[in-house]
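Residue numbers for the sequence shown follow my numbering, so the first one is 5 and each next one is one higher.
Take a look at the structure below.
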Amino acid sequence: MGYEGPPFYDRDAVFQAYLQRRHRVDNPNDTLEKPIILELLGDVAGLDVLDLGCGDAAWHSELLEKGARSYVGVDGSENMVARARSNVGNRATIEHSNLQHWAYPENKFDRVTARLVFHYLPDLIPLFQNMHRTLRPGGQLAFSVEHPVITSFDRPGTGVREDWTVDRYFETGARVTRWLGADVVKYHRTIEDHFSALQATGFEVVALRESRPVEQNFVEPATFERRKRIPLFLFFGARRPV
Ligand SMILES: C[S@@+](CC[C@H](N)C(=O)[O-])C[C@H]1O[C@@H](n2cnc3c(N)ncnc32)[C@H](O)[C@@H]1O
């Protein structure tokens, strides 16, 4: 059995390894993931933004510089919350809570975002219902998850991977993966599962993306070439109808 998301990131060795990886040159989050999330969020000027599974919340400053009226981050890991609070100071609010138990305030936010966290959660429907409730009518959701071709392999090896075997694609649910030196539980879902959960909870789906690499976002040409091999992330943009 592996660790659930927050206790996994509360292992100090995992946390240090994660931060090192997260902020290295040409890391996938900054080259592939963030540009698409920003595009899906659109103009945030004057808007209240909620970031679920905010991690160290390092990008809060970018959203505030783009004119966001407020930023609230929620995360279940004590390590992440301590780092996030030190990053945001008094410019933003960070709440320490498991996303399954947070008291989502009604009609409070114009944008909800969640970057690479939903694959740690066992059930999308209650979560999507809560996001729908906490958005103001007309508000938008932009989230990323590990791509289903990534979550569908069991126990990927360590080091630079040269081949990928997608297997048991339609056997969805918990899979234990070794990552950053520890076993973690991630939930494998198909693209269709995400789409159906959005529709079932009243969202209007406005975008689906797959982390296609853009050359200008990379420092190293070899990394750009490598990122053309397989999609790492899946994204949805959705709206709470007015
Ligand atoms: C891969 S990190 C991403 C962090 C941040 N969104 C980013 O992109 O830099 C996943 C984050 O989700 C948080 N997380 C995982 N499961 C969670 C849960 N059930 N409730 C709250 N946070 C959770 C972890 O603590 C971790 O900070």
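Note that the Cβ used here is the ideal one computed from N, Cα and C, for glycine as well.
Option in V149, E150, S74 with minimal Cα separation from F113: Locating residue 113 in the sequence shown gives position 109, where the first residue counts as 1. It is S74 whose Cα lies nearest to the Cα of F113.
DSSP-derived helix/strand/coil call for Q104: Start at 1 with the first residue of the sequence shown, and residue 104 comes out as number 100. In the structure shown, Q104 sits in coil (DSSP, three-state: anything other than H, G, I, E or B).
Residue interval of the alpha helix (DSSP H) (run including L42): For this step, residue 42 is matched to residue 38 along the sequence shown. According to the DSSP assignment, L42 belongs to the alpha helix (DSSP H) that extends over 38-45.
Proximity below 8 angstroms, CB of H64 to CB of A96: In the sequence shown, the residue the question calls residue 64 occupies position 60. In the sequence shown, the residue the question calls residue 96 occupies position 92. Yes.
Proximity test, G241 beta-carbon vs ligand 1 heavy atom, cut-off 7 angstroms: Residue mapping note: residue 241 aligns to position 237 of the sequence shown, counting from 1. Answer for G241: no, Cβ out of range of ligand 1.
Assigned secondary structure, H198 (DSSP; H/G/I helix, E/B strand, else coil): Here residue 198 refers to the residue found at position 194 of the sequence shown. Residue state, collapsed to three classes: helix.
Which listed residue (W183, R172, H136) has its alpha carbon closest to that of R243: Against the sequence shown, residue 243 aligns to sequence position 239. Nearest option by C-alpha distance: H136.
DSSP three-state assignment for H192, whether helix, strand or coil: In the sequence shown, the residue the question calls residue 192 occupies position 188. DSSP, read as helix, strand or coil, puts H192 in strand.
First through last residue of the beta strand (DSSP E) which encompasses D52: Locating residue 52 in the sequence shown gives position 48, counting from the first residue. Per DSSP, the unbroken beta strand (DSSP E) holding D52 starts and ends at 52-56.
Contact check, V78 vs W106, beta carbons under 8 angstroms: Start at 1 with the first residue of the sequence shown, and residue 78 comes out as number 74. Start at 1 with the first residue of the sequence shown, and residue 106 comes out as number 102. In this structure, W106 lies closer than 8 angstroms to V78 by Cβ.
Cβ-heavy atom distance, S81 to ligand 1, below 7 angstroms: What you label residue 81 is simply residue 77 of the sequence shown in a count that begins at 1. It does: the Cβ of S81 is within 7 angstroms (strictly closer) of some heavy atom of ligand 1.
Beta-carbon contacts of D30 that lie in its chain and below 7 angstroms, excluding the five residues immediately before and after: Here residue 30 refers to the residue found at position 26 of the sequence shown. Closer than 7 angstroms at Cβ, skipping near neighbours: F222, V223, E224, T227.
Spatial distance of P11 from D55 (CA atoms): Here residue 11 refers to the residue found at position 7 when the sequence shown is read from its first residue. Here residue 55 refers to the residue found at position 51 when the sequence shown is read from its first residue. Roughly 19 angstroms separates the two Cα atoms.
Per-residue burial, M84 [other beta carbons within 10 Å of its own, 16 or more giving buried]: As a first step, residue 84 must be located in the sequence shown, where it is residue number 80. Buried: at least 16 other Cβ atoms inside 10 Å.
Boundaries of the alpha helix (DSSP H) in which E82 is found, first to last residue: Mapped onto the sequence shown, residue 82 falls at position 78. The continuous alpha helix (DSSP H) containing E82 extends over residues 82-92.
DSSP bridge partner residues for I180 (one or two, in chain order): One-based indexing of the sequence shown puts residue 180 at position 176. Looking at the sequence shown, residue 180 is not Ile but Val. According to DSSP, which records beta bridges pairwise, V180 is partnered with V189.
Per-residue DSSP class, three states only, for V246: In the sequence shown, residue 246 corresponds to position 242, counting from 1. If DSSP states are grouped into helix, strand and coil, V246 belongs with coil.
In DSSP terms, what L139 is bridged to: The count along the sequence shown starts at 1 and reaches residue 139 at position 135. DSSP output for L139 lists F113 as bridge partner(s).
Beta-carbon spacing of T194, T176 below 8 angstroms: Here the question's residue 194 lines up with position 190 in the sequence shown. Here the question's residue 176 lines up with position 172 in the sequence shown. Remark: C-beta atoms of T194 and T176 approach each other more closely than 8 angstroms.
Assigned exposure category for F174 - 16 Cβ within 10 Å defines buried: By 1-based counting over the sequence shown, the position of residue 174 is 170. Answer is exposed; the Cβ neighbour count stays below 16.
Simplified DSSP state of F174, which is helix, strand or coil: Translated into positions along the sequence shown, residue 174 becomes position 170. Of the three classes helix, strand and coil, the one that applies to F174 here is coil, per DSSP.
CA nearest to the CA of E8, picked from F240, T155, L125, K38: Reading the sequence shown from its first residue, position 4 is the one you call residue 8. Cα-wise, what sits closest to E8 is L125.
Residue burial classification, N1 (beta-carbon count within 10 angstroms, cutoff 16): With the chain covering 5 to 246 only, the question about residue 1 has no answer from this structure.
Local Cβ density within 10 Å of E150, reported as buried at 16 or more and exposed below that: Taking the sequence shown and counting its residues from 1, the one referred to as residue 150 is at position 146. The residue is buried, with at least 16 neighbouring Cβ atoms inside 10 Å.
beta-carbon M84 near ligand 1 non-hydrogen atom, thresh 7 angstroms: Looking up residue 84 in the sequence shown gives position 80. Within 7 angstroms of the C-beta of M84 there is at least one heavy atom belonging to ligand 1.
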